[in-house]
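J.: Right, I'll just put the structure down here and ask away after.
There are 2 protein chains.
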Amino acid sequence: MDQHFADRYIEATRQLKNPLCVGLDPHLERIPTEFGVRLDALGSEQSAAGVQAFFEIVIDVCAGKVPVIKPQIAFFEQLGWRGLRALERLVARARERGLLVILDAKRGDLSSTAQAYAQSYLFPNSPCRADAITLSPYLGIDSLKPFIEASLAHGVGLFVLARTSNPGAADFQSLLIDGVPLYERVAAALAPSAAALRGSTGWSNLGVVAGATYPAEAARLRRTLPHSLFLVPGYGAQGASVAAALAGFVPQGERLEGGMVSSSRGILYGEGPVAGSASEWRAGLSERLDAARRELSEAIALAPEKVTLRSIPPD
Amino acid sequence: MDQHFADRYIEATRQLKNPLCVGLDPHLERIPTEFGVRLDALGSEQSAAGVQAFFEIVIDVCAGKVPVIKPQIAFFEQLGWRGLRALERLVARARERGLLVILDAKRGDLSSTAQAYAQSYLFPNSPCRADAITLSPYLGIDSLKPFIEASLAHGVGLFVLARTSNPGAADFQSLLIDGVPLYERVAAALAPSAAALRGSTGWSNLGVVAGATYPAEAARLRRTLPHSLFLVPGYGAQGASVAAALAGFVPQGERLEGGMVSSSRGILYGEGPVAGSASEWRAGLSERLDAARRELSEAIALAPEKVTLRSIPPD
Numbered sequence: 014m015d016q017h018f019a020d021r022y023i024e025a026t027r028q029l030k031n032p033l034c035v036g037l038d039p040h041l042e043r044i045p046t047e048f049g050v051r052l053d054a055l056g057s058e059q060s061a062a063g064v065q066a067f068f069e070i071v072i073d074v075c076a077g078k079v080p081v082i083k084p085q086i087a088f089f090e091q092l093g094w095r096g097l098r099a100l101e102r103l104v105a106r107a108r109e110r111g112l113l114v115i116l117d118a119k120r121g122d123l124s125s126t127a128q129a130y131a132q133s134y135l136f137p138n139s140p141c142r143a144d145a146i147t148l149s150p151y152l153g154i155d156s157l158k159p160f161i162e163a164s165l166a167h168g169v170g171l172f173v174l175a176r177t178s179n180p181g182a183a184d185f186q187s188l189l190i191d192g193v194p195l196y197e198r199v200a201a202a203l204a205p206s207a208a209a210l211r212g213s214t215g216w217s218n219l220g221v222v223a224g225a226t227y228p229a230e231a232a233r234l235r236r237t238l239p240h241s242l243f244l245v246p247g248y249g250a251q252g253a254s255v256a257a258a259l260a261g262f263v264p265q266g267e268r269l270e271g272g273m274v275s276s277s278r279g280i281l282y283g284e285g286p287v288a289g290s291a292s293e294w295r296a297g298l299s300e301r302l303d304a305a306r307r308e309l310s311e312a313i314a315l316a317p318e319k320v321t322l323r324s325i326p327p328d
Numbered sequence: 014m015d016q017h018f019a020d021r022y023i024e025a026t027r028q029l030k031n032p033l034c035v036g037l038d039p040h041l042e043r044i045p046t047e048f049g050v051r052l053d054a055l056g057s058e059q060s061a062a063g064v065q066a067f068f069e070i071v072i073d074v075c076a077g078k079v080p081v082i083k084p085q086i087a088f089f090e091q092l093g094w095r096g097l098r099a100l101e102r103l104v105a106r107a108r109e110r111g112l113l114v115i116l117d118a119k120r121g122d123l124s125s126t127a128q129a130y131a132q133s134y135l136f137p138n139s140p141c142r143a144d145a146i147t148l149s150p151y152l153g154i155d156s157l158k159p160f161i162e163a164s165l166a167h168g169v170g171l172f173v174l175a176r177t178s179n180p181g182a183a184d185f186q187s188l189l190i191d192g193v194p195l196y197e198r199v200a201a202a203l204a205p206s207a208a209a210l211r212g213s214t215g216w217s218n219l220g221v222v223a224g225a226t227y228p229a230e231a232a233r234l235r236r237t238l239p240h241s242l243f244l245v246p247g248y249g250a251q252g253a254s255v256a257a258a259l260a261g262f263v264p265q266g267e268r269l270e271g272g273m274v275s276s277s278r279g280i281l282y283g284e285g286p287v288a289g290s291a292s293e294w295r296a297g298l299s300e301r302l303d304a305a306r307r308e309l310s311e312a313i314a315l316a317p318e319k320v321t322l323r324s325i326p327p328d
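Spelled out as structure tokens, the structure:
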């Protein structure tokens with residue numbers, strides 16, 4: 014089997030001293046016009062080539078600085094098959110550069126269909142081979158089995174939606190079943206598999222998505238899933254603070270660890286209006302990336318005055 | 014706006030006198046070897062070309078005989094970008110032949126990402142333009158809004174997962190919240206939008222997926238969503254009877270109506286071992302299709318001795 018995803022991630026985050034995950038979300042209207050993305054012709058060769066060129070730069074800037082990137086497949090699907098081709102090439106490029114790749118796909122389907130999704134992204138011979146994937150639990154635990162088997166066989170990482178960061182997440186995820194919210198029921202149902210998928214660092218290949226906008230819930234999830242990595246979206250553009258983003262992290266050695274904090278728009282495009290020239294954008298990209306790395310790096314360092322959020326240790 | 018999906022579906026099913034939806038699921042190992050699909054090279058041109066040729070025949074056989082087909086995108090994704098290209102071509106071919114196309118994608122994501130998925134499949138300029146799509150509700154009602162807006166603007170159909178047909182569906186979908194199962198809470202949350210998306214036939218563009226293996230639950234969903242079309246998977250290969258598949262249908266004119274009954278493997282490949290030659294397979298395909306159409310056509314006809322499953326009428 015390939016090396017264990019969570020172990021590789023933990024080694025990389027310890028070495029680079031930050032848990033930053035850069036989301037690759039092609040918000041097409043914010044990509045500098047020099048890249049030639051055509052909003053009136055999303056399925057064109059030109060648009061896919063522009064998106065690919067844009068993210069080749071992002072990947073090259075990220076390599077060696079952050080442990081992991083997270084392409085959002087929806088933004089490539091909107092470009093049609095040429096978008097998927099660009100995604101395949103970008104995923105391969107990122108892995109060649111030593112970046113781990115979590116494919117943000119939120120797939121969830123039953124039996125043979127789930128198997129087909131696992132085959133699509135998680136097998137050594139998959140056309141678009143990622144290191145990990147995000148999954149939706151609505152269809153039940155049996156719908157996750159093909160992915161868990163892929164993890165056992167090939168060491169890949171899985172991140173199941175538990176508590177997402179959008180306002181409407183409460184509609185169903187927070188409904189109480191005998192006093193326990195649904196997302197906690199999901200977590201509890203995952204716990205045995207999470208325990209079975211631990212690596213040599215103690216961390217598991219079965220993680221969860223835990224939105225940074227609800228830190229109290231992340232802390233609660235940590236109790237149910239002590240060994241799972243938390244993929245935390247919502248830092249930056251979605252408005253969550255760095256302390257909130259780390260609510261599910263635990264002290265481990267010199268730092269807090271236990272997941273990755275994702276930022277997409279805040280790093281790729283910055284605040285304000287559409288980026289100017291490609292060269293201005295590129296300079297800003299490095300600055301924004303370094304600022305986010307620095308902020309997270311400081312926040313996870315276990316200087317006593319900063320360690321205000323503690324939780325159950327992973328072992 | 015384009016013509017209303019539910020109206021078009023209802024007109025087609027009345028004219029063809031059957032509610033059969035043929036699922037296009039490329040179970041690669043069951044496609045006759047003459048098509049050249051290579052299990053050892055899923056991402057190859059040859060595999061994608063083989064799958065495309067196989068389904069071109071299926072589409073041509075289905076045209077004029079059934080109202081709708083349902084490609085399962087996972088099985089195309091496993092072929093990489095060439096699989097998506099084949100899917101785009103097949104969807105276009107089916108629509109040219111007068112078939113409606115429900116893309117079985119079970120997508121579900123938040124705000125701008127949901128918007129990107131809607132852009133991918135539901136807009137007039139989408140590279141892979143379908144007539145309807147399946148969606149997952151786990152992220153909440155706000156995650157469905159971009160799709161509901163696409164439906165208002167472009168007349169497309171939406172089928173949200175309520176109660177699926179797999180054994181593990183009960184893990185979360187049937188959990189009781191104040192005595193009401195989760196899938197019913199999902200249905201109740203959809204009801205206002207479903208009412209707002211009705212067409213001239215009275216049926217709504219906002220439907221649900223309601224597995225045929227749980228007919229009592231389909232009947233219950235019908236009470237909550239009187240105007241929604243039910244996409245019923247699980248007929249045929251998954252073992253549900255035709256009576257169970259029609260549990261959510263209601264008398265309307267001379268027949269039961271209110272949804273579409275999907276069959277994939279049972280029609281495409283039949284029982285037993287791998288199909289023989291392409292010509293044998295093609296002959297069998299027509300026979301299996303006609304048998305399923307006949308069975309469903311008889312089951313929905315309102316001869317008194319057959320009308321055992323009644324429900325609340327749509328108006």
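Residue numbers (the numbering used here), protein chains in the order written: chain C, 14 to 328; chain Y, 14 to 328. Ideal Cβ positions, reconstructed from N, Cα and C, are used throughout, including at glycine. What you are looking at is a predicted structure, and each value in this text was computed from that prediction instead of being measured.
1. Answer yes or no: does any C-beta atom of chain Y fall closer than 7 angstroms to that of P180 of chain C?
2. Tell me, to the nearest whole angstrom, how far the beta carbon of V50 of chain Y is from that of G36 of chain Y; I am working on the premise that it is less than 8 angstroms.
3. Following the continuous alpha helix (DSSP H) through R236 of chain C, name the residue where it begins and the one where it ends.
4. Using DSSP with H/G/I as helix, E/B as strand and the rest coil, what is C34 of chain C?
5. Candidates C:N179, C:K119, C:D122, C:A25: which alpha carbon is nearest K158 of chain Y's?
6. In whole angstroms, give me the CA-to-CA distance for A87 of chain Y and E267 of chain C.
7. Given S276 of chain C, which residues of its chain have a CB within under 8 angstroms of its CB, disregarding the five upstream and five downstream residues?
8. Going along chain B in order, which residues have a C-beta closer than 8 angstroms to the C-beta of H40 of chain C?
9. Just to confirm the assignment: which complete alpha helix (DSSP H) runs, minimum length 4, are found wholly within the segment 65–143 of chain Y?
10. Assuming R161 of chain Y is part of the beta strand (DSSP E), what are its boundary residues?
11. Quick check on T46 of chain Y: buried or exposed, where buried means 16 or more other Cβ atoms within 10 Å of its Cβ?
12. For the 8 angstroms Cβ check, are there 3 or more pairs between the segment 138–151 of chain Y and the segment 112–128 of chain Y?
13. Measure the beta-carbon distance from I190 of chain C to L189 of chain Y and round it to whole angstroms, keeping in mind my assumption that it falls under 8 angstroms.
14. When DSSP labels each residue in this structure, what does E47 of chain Y get in the three-state scheme?
15. Considering A200 of chain C, what are the terminal residues of the alpha helix (DSSP H) in which it resides?
16. Is it right to say P326 of chain C is buried, meaning 16 or more other beta carbons lie within 10 angstroms of its own, or is it exposed?
17. Taking any Cβ of chain Y, which residues in the segment 54–78 of chain C have a Cβ under 7 angstroms from it, in chain order?
18. Is the beta carbon of Q16 of chain C within less than 6 angstroms of some heavy atom of the ligand GTP?
19. CA-CA distance, D328 of chain C and V263 of chain C?
20. Indicate the three-state DSSP secondary structure (helix, strand or coil) for R307 of chain C in the structure shown.
21. Do F172 of chain Y and L244 of chain Y count as a contact pair if the criterion is CB distance below 7 angstroms?
22. Listing by chain order, which chain C residues have their CB less than 9 angstroms from the CB of P150 of chain Y?
23. Rounded to the nearest angstrom, what separates R120 of chain Y and L100 of chain C at their Cα positions?
24. Using beta-carbon positions only, say whether A207 of chain C and L238 of chain C come within less than 7 angstroms of one another.
25. In whole angstroms, what separates the C-alpha of T226 of chain C from that of S149 of chain C?
26. If you draw a straight line from the alpha carbon of T26 of chain C to that of W294 of chain C, how long is it in whole angstroms?
27. Could you run through the segment 185–199 of chain C and flag, in chain order, every residue whose CB is less than 9 angstroms away from some CB of chain Y?
28. By the criterion of Cβ-Cβ separation under 9 angstroms, what are the contact partners of T237 of chain Y in chain C?
29. Do A200 of chain C and L234 of chain C come within 7 angstroms of each other at the CB atom, strictly closer than that value?
30. Which word fits G56 of chain Y, buried or exposed, when buried means at least 16 other C-beta atoms lie within 10 angstroms of its C-beta?
31. Could you tell me the alpha carbon to alpha carbon distance between E197 of chain C and S187 of chain C, rounded to whole angstroms?
32. Along the alpha helix (DSSP H) that carries Q16 of chain C, what are the first and last residues, could you check?
33. Just mark E308 of chain Y as buried or exposed, buried being the case when its beta carbon has 16 or more other beta carbons within 10 Å.
T.: Judging by the given coordinates:
1. yes
2. Not confirmed; about 18 angstroms, so no contact.
3. 228–237
4. strand
5. C:N179
6. 43 angstroms
7. L33, C34, V35, G36, Y248, G249, A250, A305
8. In summary, chain B is missing from the structure at hand, where the protein chains are C and Y.
9. 86–90, 94–109, 124–134
10. In the sequence on display, residue 161 of chain Y carries Ile and not Arg. No beta strand (DSSP E) contains I161 of chain Y, which is instead part of the alpha helix (DSSP H) from 158–167.
11. exposed
12. yes
13. 7 angstroms
14. helix
15. 195–209
16. With a pLDDT of 44 at P326 of chain C, under the threshold of 50, the predicted position of this residue should be treated as unreliable, and no value is reported.
17. L55, G56
18. Annotation note on the ligand GTP: not contained in the displayed structure, which lists no ligands.
19. Reliability of the predicted coordinates at D328 of chain C is poor, the pLDDT of 49 falling under 50, and the value obtained from them is presented with this limitation in mind. Going from the Cα of D328 of chain C to the Cα of V263 of chain C covers about 10 angstroms.
20. helix
21. yes
22. Y151, D184, F185
23. 18 angstroms
24. yes
25. 19 angstroms
26. 26 angstroms
27. F185, Q186, L188, L189, I190, D191, L195, R198, V199
28. By Cβ distance, chain C contributes nothing, its closest Cβ being about 15 angstroms from T237 of chain Y, past 9 angstroms.
29. yes
30. buried
31. 9 angstroms
32. Looking at the DSSP string, Q16 of chain C is not in any alpha helix (DSSP H), and its letter there is neither H nor E.
33. buried
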